[in-house]
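These notes are about the structure you will find just below.
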Amino acid sequence: MSRRPFIAGNWKLNKGPAEAGALASEWVAALSDRGDVDVAVFPTALSIASVVEATRGSGIEVGVQQIHGKTSGAFTGTNSAEMAREAGCTRVLIGHSERRQLFGETDEMVRTKVKLALASGLLPIVCVGETLEERDAGKVDEVVLGQVSAALLGIPADQLSGVTLAYEPVWAIGTGRTASPDQAQEVHASIRGWLSENFPAFVAAEMRIQYGGSVKPANAAELLSRPDIDGALVGGASLNAESFAGIVREA
Ligand code: PEP
């Protein structure tokens, strides 16, 4: 079964509306010949409108970095899945390690948000990954599979085709340290094994698992050549259109 490569850029808290629109236009030009690769960008919420405008007709999808677990009400300072849809988003990041570590996003919240996103027609990228201490303690599978099961168990299999997973070892995010292709492939294979044990076979065969953590043009080819690595979630290198396009060309 061949899974279509999926490369996404997370701009985090960078690029206000004007700069984001300009960078998105550079992406459109740099990615015009990307072939059979799905591409999405996650700007800060305030820049979604300008990025949707700049990417219109390009096939580049726009996503929101964060949604709340409730659809509306007295929840100052956040976004809802439906409002993100209305603003032109098709995707959402859920469970990014920065949300887990800095904003207290728990497995329980991740599960609620995944269900809400799917019910609203927003396709989630669910991020999972261990810290360095957890890796050193030999707990990679326990942590990662625990996060995957918390996010996905109980969701009907036919809805899971809309879900992408991103394996992002916390120690590799924004640090310049990348997991080796063997390290990454090993975890991706265990995630796929877990999916095949817990859902009908088509789920494991179809679900895309991205790798994230200091991906750049120089290390993308080797990572993306591994059988269970179906794409990348890119932070720093996505802030430069040429670097991002260099990664997409390796997919
Ligand atoms: C990320 O934010 O998901 C990420 C992987 O960042 P970086 O590529 O900068 O490590």
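With the numbering used here, letter number 214 in the sequence shown gets 354, and the count goes up by one each step, no holes. All residues carry an ideal CB built from backbone N, CA and C; glycine is no exception. Bear in mind that the values here come from a model prediction, so they are computed numbers and not experimental data.
According to DSSP, G352 shares a beta bridge with L373. Contact between E273 and V284 is absent: CB atoms are separated by about 14 Å, not below the 8 Å threshold. Within the same chain, G203, V204, I207, A221, A224, A257, L262 and P264 come within 7 Å of V232 by CB-CB distance, once the 5 residues on both sides are set aside. Checking the DSSP bridge columns, you'll see I234 partnered with V266.
The alpha-carbon separation between Y351 and P309 amounts to approximately 9 Å. According to DSSP, residue pairing for E201 in a beta bridge involves A180. Pairwise C-beta distances place the region 294-305 in contact with the region 332-352, as three or more of them are shorter than 8 Å. Setting aside the 5 residues that flank it on each side, F146 is surrounded in the same chain by D178, T304, R348, Q350, D370 and G371, each with a C-beta closer than 7 Å to its C-beta; the list follows chain order. For T304, the enclosing beta strand (DSSP E) covers residues T304 to Y307.
Look at N150 here: in three-state DSSP terms it is strand. Per DSSP, W167 is one residue of the alpha helix (DSSP H) stretching across P157 to A170.
By the neighbour-count definition (other C-beta atoms within 10 Å, threshold 16), D368 is a buried residue.
Boundaries of the alpha helix (DSSP H) harbouring A189: I188 to T195, taken from the DSSP string.
Taken atom to atom, the span from the alpha-carbon of E166 to that of A381 is near 6 Å. A distance of 8 Å or more separates the beta carbons of A290 and R240. In this structure, the ligand PEP has a non-hydrogen atom nearer than 7 Å to the beta-carbon of I313. When the Cα atoms are used, D173 and T246 turn out to be separated by approximately 39 Å. Contact annotation: I313 and G353 have beta-carbon atoms nearer than 8 Å. Annotation: the continuous alpha helix (DSSP H) that includes S330 extends over P321 to N338. Taken from the Cβ of V177, every heavy atom of the ligand PEP lies 7 Å or farther away. For A297 and D322, the gap between their C-alpha atoms comes out near 29 Å. For I313, the three-state secondary structure derived from DSSP is coil. The ligand PEP has a heavy atom closer than 7 Å to the beta-carbon of A377. In the three-state reduction of the DSSP assignment, I387 falls in the helix class.
Along the length of the region 250-297, whole alpha helix (DSSP H) runs at least 4 residues long occupy 272-276 and 280-292, reported in chain order.
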